[in-house]
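Undergrad: In numbering that gives the first Met the number 0, the protein residues as written are 0 to 659.
Ideal placement from N, C-alpha and C gives every residue a C-beta, glycine not left out.
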Amino acid sequence: MTFSRKATATFTLLVLVTAVAVELVRATGPMFDRAFTAGIVVVALTALGTYVAPGLVAALLVRGRPVTGRTVVQGVALLAVARAAVQVLDGVARYWVTLAAAALAIGVLVVVLVRSVRVLGAATAALAVTTGGALATGVSLVLGTWDAIWRSGASGWAPTALTLVAAAACAWAVRADDAADTPGARPARVWVLGPYLGVTLMVVLNPAYLASQLGLSLTVAASALAAGVVLAAALTLWSLPRQSALLPAALRAVVLVAAAALVLFPITAEGEDAGTLLAVGLGVVVALLVAVSTTSLATAWDAPAKDRGPRSAGVTLAGTASAVGLGVILPLLVYQVDYDVPLGFPNAFVILAAVVVVALGGLRRRTPPTDVDAAAPRADVRAAWLPAVPALAVTAALVLVGAAVNRVQVEETVRVAGGQPDAPLTLLDWNLHYGVTQEPGLDLGRMADVINTSGAQVVALQEISRGWIMGGGADMATYLARATGMRVVSAPAADRQFVNVLLVSPSVGEPQHVVRTRLPYGDGPQQRSAITATVRNAAGTPFVVTSAHLQHREENTPTRLQQLDVLMSADVASSPAAVIAGDLNSEPGWPEIAYVEAAGYVSGQDTAGDPGRRTFPAHAPEVRIDWVFGRGVTFSDVRVLPDGGSDHLPIVATVHPVVD
């Protein structure tokens, strides 16, 4: 095999293995949500055990010998089988296989990376890792951010098969290589890959996070990522090898941390869209974040590790794989723990700390650069570019296609002249548990089908994910808006990625007078909120509709009463016809329900439904904590629908305004 073919196969393989690893790490989020039902200690131990295990994977693959092409083939074959199994299985089997597959993916990625740096050089290998993360993002975007791993039809298996077959083909292409074929030294500081992957999964290559955090549309955020990948290629393969060792690296570290801080602590108001000029500026920040984080990887790996014997090198590689796994999960775990055991400071600082670690890892070279240096001829730079071109082109194209796919277009409002002033409104209320099903898994299509078949004109949703890793990284707000043809407005709750939503059909007009109410924190542990908007029936009669989610711990009645007091004092009841729907975490007969009724509201389920029908947990309902209340309205045909995938059951109600 010629060098160019070998390098292209190596680059593409690293891209594909990274993409599979990123998808599998995202898939562990819903699995950890299942573990969370047993308590925070159980989920922490499960997460740590899963992400220490890559060291065992690496040790079993190398078995004290140098990494060869055959080692790579074995690892990729095992990874392909495990990844396919996750998509086939469900229930308890899926839970354990997903965790095992994620550990396997990180271990195989480290082995492939070490081999790739020796073939390609640090800069090109770093670009391959970023391209792989972007490829996983692009495929997810094309699928509406509902990953292939959760799909059983052609839309799920087609990208899965293409990825796994291509990875197997690339691994087979380098199978004959042995250690003597690649004279480059094993790279140092491979551990930087861990926090880099953690940060990119959470923020840098997570368009749903970027969109919700910065007030951008998913389309704009995805377009900025595509620009960032192209900029990363330019900086990594062209500019980086020509820069002096210390000052540019230090400057890049400052830029990386500053760009991350601008994203993690945004200037846009919660729930508000950024204006055009601000959106352009934030897009530039996102592109810089992608590019400069890639150069940090390149600089970190552009130094050889100490020369050790094969057996010692194998032990070191195993330790490195475990370090990478821990680097991935620790920022995510600590960040997520804050929602159950508050850290006492904004959890965004946890992610910023991981960014600082990446920046420090690439701050300086300990030895002269091993990549193309300032004296290298243009042909050498061209040789570094050529292997990257096919995968880069496909990845950038996929991300841009995904950006276009996720553009939300809603039909213009069409009103029927002469409608009756008391024309009813059909409303659905549902806590979607960030899209995670009981299997466990993620089934946004099933949830969209329930909404569409219910005939709802307004949908009040709680626990909607916009890039939460616990929810598989999906942008549920954008997906459901596209799938239902409705307009969407949201209010951040625990953070800007965990929101309450109103979906509004064009048949009841544009949501007006949108109010986002931040509810008192009280005894915690999560920040809660409500989103309110005015809609109109066919005759133009206004309804003020609120989607609310109150604090969840049973003993937190005083906090819930404080939250209801603020809610009632807001613009919720500014119309004669007002509806409050949501997960109030309160049962019939509790003080919270008495408080709402004392304010003049009546329960739809109690007046026009089955008061004995419970709503949680969905698989075997024990309590009734989801409510639809109204004032200045009457209810008819209030039903609790069958299991639709979430851990809560949905409620659909027909609401009639009381007209004088």
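Helix or strand or just coil, what does DSSP make of G440?
TA: Here G440 sits in strand by DSSP.
Undergrad: Report yes if the C-beta distance between L362 and A249 is below 8 Å; otherwise report no.
TA: Cβ atoms of L362 and A249: closer than 8 Å.
Undergrad: Could you check whether V283 and V254 sit closer than 8 Å to each other, using their CB atoms as the reference points?
TA: No. Outside cutoff.
Undergrad: Answer yes or no: do L215 and L224 have a C-beta to C-beta separation smaller than 8 Å?
TA: In this structure, L224 does not lie closer than 8 Å to L215 by Cβ.
Undergrad: What is the DSSP secondary structure of Q242, counted as helix, strand or coil?
TA: Annotation note: pLDDT 49 at Q242 (below 50); position unreliable, coordinate value reported separately. Q242 falls in the coil class under three-state DSSP.
Undergrad: How close, in whole Å, do the beta carbons of G434 and L443 come, if the pair is a contact with beta carbons under 8 Å?
TA: Going by Cβ atoms, the distance from G434 to L443 rounds to 6 Å, so yes, they are a contact pair.
Undergrad: Counting C-beta neighbours from all protein chains within 10 Å, is the total for H647 16 or more, i.e. buried, or is it exposed?
TA: So H647 counts as buried.
Undergrad: Short of 7 Å in beta carbon distance, which residues of its chain neighbour D176, apart from the five on each side in sequence? Order them along the chain.
TA: Excluding positions up to five away in sequence, the list reads T67 and G68.
Undergrad: From what residue to what residue does the beta strand (DSSP E) around F634 run?
TA: Its beta strand (DSSP E) spans residues V632 to V639.
Undergrad: Closest by CA to L342, which one among G523, T162, V601 and A492?
TA: Nearest C-alpha to L342: G523.
Undergrad: By DSSP's criteria, Q461 is part of a beta bridge. Which residues make up the other side?
TA: Answer is N430, bridged to Q461.
Undergrad: Give the straight-line distance between the Cα atoms of I105 and A20, rounded to the nearest whole angstrom.
TA: The straight-line gap from Cα to Cα measures roughly 6 Å.
Undergrad: Only counting the same chain, and skipping five residues up and downstream in sequence, which positions put a Cβ closer than 8 Å to that of T614?
TA: The residues are P620, V622, R623, I624, D625, V639, H647, L648 and I650.
Undergrad: Compute the Euclidean distance between the alpha carbons of G137 and P389, then round it to the nearest angstrom.
TA: The alpha-carbon atoms of G137 and P389 are separated by roughly 15 Å.
Undergrad: Consult DSSP for L549 and reduce its assignment to one of helix, strand or coil.
TA: DSSP places L549 in coil when its eight states are reduced to three.
Undergrad: State the start and end residues of the unbroken beta strand (DSSP E) segment that holds I677.
TA: Outside the displayed span of the chain (0 to 659) sits residue 677, for which this structure offers no information.
Undergrad: Quick check: the Cα distance between P194 and V488, rounded to an integer number of angstroms?
TA: Each residue's Cα considered, the two are about 33 Å apart.
Undergrad: For a quick check, are the C-beta atoms of R495 and S211 less than 8 Å apart?
TA: In this structure, S211 lies closer than 8 Å to R495 by Cβ.
Undergrad: Three-state secondary structure (DSSP) at T483?
TA: In this structure, T483 counts as helix in the three-state DSSP scheme.
Undergrad: Please name the residue in A598, G120, L563 and V355 whose C-alpha comes closest to that of A252.
TA: Out of A598, G120, L563 and V355, V355 has the C-alpha closest to the C-alpha of A252.
Undergrad: Quick one: measure Cβ to Cβ for Q562 and P519, integer angstroms, because I've assumed they're closer than 8 Å.
TA: So it is a contact: roughly 6 Å between Cβ atoms.
Undergrad: Do V289 and L230 have their C-beta atoms closer together than 8 Å?
TA: Against a cut-off of 8 Å, the Cβ pair of L230 and V289 comes out as a contact.
Undergrad: With a threshold of 6 Å on Cβ separation, who are the neighbours of T45 within its own chain once the five nearest residues in sequence on each side are excluded?
TA: Cβ neighbours of T45 beyond the five flanking positions: A34.
Undergrad: Where does T533 sit, in a helix, a strand or coil, going by DSSP?
TA: The answer is strand: DSSP assigns T533 an E or B state.
Undergrad: With distances taken from CA atoms, which of V113, V85 and G466 is nearest W717?
TA: It is not possible to answer for residue 717, since the shown part of the chain is limited to 0 through 659.
Undergrad: Taking the alpha carbon of A135 as the point to measure from, which residue in L77, L15 and V40 has its own alpha carbon closest?
TA: That would be L15, whose Cα lies nearest to the Cα of A135.
Undergrad: If we require 4 or more residues per run, which alpha helix (DSSP H) segments fall completely within the stretch 80-144?
TA: DSSP runs (the alpha helix (DSSP H)) wholly in the stretch 80-144: 90-119 and 121-141.
Undergrad: With a 10 Å radius around its C-beta and 16 neighbouring C-beta atoms as the bar for buried, classify L246 as buried or exposed.
TA: Bear in mind that a pLDDT of 49 at L246, under 50, signals an unreliable position, so the number given afterwards is only what the model happens to contain. Looking at its Cβ environment, which holds fewer than 16 other Cβ atoms inside 10 Å, L246 is exposed.
Undergrad: For the alpha helix (DSSP H) holding F615, just list the boundary residues, first then last.
TA: From DSSP, F615 is part of no alpha helix (DSSP H); its letter is neither H nor E.
Undergrad: Pick helix, strand or coil for P666, following the three-state DSSP scheme.
TA: Residue 666 lies beyond the residue range present for the chain, which begins at 0 and ends at 659; the question has no answer from this structure.
Undergrad: Given this structure, state the Cα-to-Cα distance separating V654 from L204, to the nearest angstrom.
TA: Going from the Cα of V654 to the Cα of L204 covers about 42 Å.
Undergrad: Looking at A302: is its Cβ nearer than 8 Å to the Cβ of A187?
TA: Yes. Within cutoff.
Undergrad: Just to confirm, is the Cβ distance from M485 to V513 under 8 Å?
TA: No, the Cβ-Cβ distance between M485 and V513 is not below 8 Å.
Undergrad: From G644 to D89, what does the alpha carbon distance come to, in whole angstroms?
TA: So the alpha carbons of these two residues sit roughly 14 Å apart.
Undergrad: Among G28, V56 and P53, which has the Cα closest to the Cα of A43?
TA: It is G28.
Undergrad: I'd like to know whether the C-beta atoms of G227 and V327 end up nearer to each other than 8 Å.
TA: The answer is no: Cβ separation not under 8 Å.
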